[in-house]
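Novice: Here's a structure for you.
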Amino acid sequence: MDNERREYFRVTTNAFVAVALIDQEHNSIPEYFPKISQFTLHQQLEDMNNECYEQLNLLKDKVAHKILNFQNQKIDIVLKLVQQKAIEEANLVTQSIEIGEGGLSFDLTGEYPLNSNLAVMVIFTPTYKVVYSQGKLIDKSGDNRSHIQFEQLPEVQRQKLVKHLMREQTVNRPS
105 MDNERREYFR VTTNAFVAVA LIDQEHNSIP EYFPKISQFT LHQQLEDMNN ECYEQLNLLK
165 DKVAHKILNF QNQKIDIVLK LVQQKAIEEA NLVTQSIEIG EGGLSFDLTG EYPLNSNLAV
225 MVIFTPTYKV VYSQGKLIDK SGDNRSHIQF EQLPEVQRQK LVKHLMREQT VNRPS
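If you want this note's numbering, it's the 1-based position in the sequence shown plus 104.
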């Protein structure tokens, strides 16, 4: 891919990637991935969890605080197990990807013509944070390496992606 076209910072990271051709039958990107629909609930659970932690910090009773904190941790563990099971059932494989706000580069399996409009789901490891977008297949190489340009990256998804990019940059920064 031509480096001159890149406007955005990109990182190399590991993730699961699922794609599907855009059609008129689906109203939202997550609907394209019914085998891994648990991830659409993940954001709701995460929002509730964040609210719980905010409320926990207001508690003066240290014992109640500790008990509720353990409950939140147990829910997090169960959620991760459900997510891992969904990934296994969908036969997704973790792979090295390059990703930025403008799009991603990864190994694409299946036949998709150039300029196809695709629903894209990226599940980052080990956090299982998910980003959904609509994109266009702009380049394919003989070794299945493909490049998708994000066409419609909703602001909420963009913010999640930027947060992940910043975290990856911090973790991978040379000391």
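Ideal placement from N, C-alpha and C gives every residue a C-beta, glycine not left out.
How many Å lie between Asn221 and Leu125 at the Cα?
Specialist: For the purposes of this step, residue 221 is taken as the residue at position 117 of the sequence shown. For the purposes of this step, residue 125 is taken as the residue at position 21 of the sequence shown. The straight-line gap from Cα to Cα measures roughly 6 Å.
Novice: Rounded to whole angstroms, what is the Cα-Cα separation between Lys189 and Asn118?
Specialist: Numbered from its first residue, the sequence shown carries residue 189 at position 85. Numbered from its first residue, the sequence shown carries residue 118 at position 14. So the alpha carbons of these two residues sit roughly 18 Å apart.
Novice: Thinking just about the alpha-carbon of each residue, which of Leu265, Tyr216 and Arg249 is nearest to the one in Met225?
Specialist: Within the sequence shown, the letter at position 121 stands for residue 225. Selected option, being the one with the closest Cα: Leu265.
Novice: For Arg262 versus Gly204, is the C-beta distance shorter than 8 Å?
Specialist: As a position in the sequence shown, residue 262 is number 158, starting the count at 1. As a position in the sequence shown, residue 204 is number 100, starting the count at 1. Cβ distance not < 8 Å, so Arg262 and Gly204 don't count as in contact.
Novice: Assuming Ile201 contacts Ile227 (C-beta within less than 8 Å), just tell me the rounded distance between them.
Specialist: Against the sequence shown, residue 201 aligns to sequence position 97. Against the sequence shown, residue 227 aligns to sequence position 123. Actually they are not in contact, since the Cβ atoms of Ile201 and Ile227 sit about 11 Å apart, beyond 8 Å.
Novice: Out of curiosity, what's the CA-to-CA distance linking Asn211 and Ile179?
Specialist: Residue 211 sits at position 107 when you count from the first residue of the sequence shown. Residue 179 sits at position 75 when you count from the first residue of the sequence shown. With the sequence shown as reference, residue 211 is identified as Asp, and Asn is not the correct amino acid for it. Answer to the nearest angstrom: the Cα atoms are 33 Å apart.
Novice: Pull up the DSSP beta-bridge partners for Asn219, would you.
Specialist: Position 115 of the sequence shown, counting from 1, holds the residue named residue 219. In the DSSP output, where bridge partners are listed per residue, Asn219 has none listed.
Novice: Counting only the same chain and skipping the five closest in sequence on each side, list residues whose C-beta sits under 7 Å from that of Gly239.
Specialist: Residue 239 sits at position 135 when you count from the first residue of the sequence shown. Counting only Cβ-Cβ distances below 7 Å, and skipping sequence neighbours, we find Gly207, Leu222, Val224, Ile252, Gln253, Phe254 and Glu255.
Novice: Provide the residue span of the alpha helix (DSSP H) that contains Asn118, from first to last.
Specialist: Indexing the sequence shown from 1 puts residue 118 at position 14. Counting along the chain, Asn118 falls outside any alpha helix (DSSP H), though it belongs to the beta strand (DSSP E) covering Arg114 to Leu125.
Novice: Return the bridge partner residues of Gln256 from the DSSP annotation.
Specialist: Locating residue 256 in the sequence shown gives position 152, counting from the first residue. DSSP lists Gln238 as partners of Gln256.
Novice: Reducing DSSP to helix, strand and coil, say where Val197 ends up.
Specialist: Your numbering for residue 197 matches position 93 in the sequence shown. Here Val197 sits in coil by DSSP.
Novice: Mapping the DSSP letters down to three states, classify His130 as helix, strand or coil.
Specialist: If you number the sequence shown from 1, residue 130 lands on position 26. Note: His130 maps to coil in three-state DSSP.
Novice: Suppose contacts are defined by Cβ-Cβ distances below 8 Å. Is Tyr232 in contact with Gln187 by that definition?
Specialist: The count along the sequence shown starts at 1 and reaches residue 232 at position 128. The count along the sequence shown starts at 1 and reaches residue 187 at position 83. Going by C-beta atoms, Tyr232 is nearer than 8 Å to Gln187.
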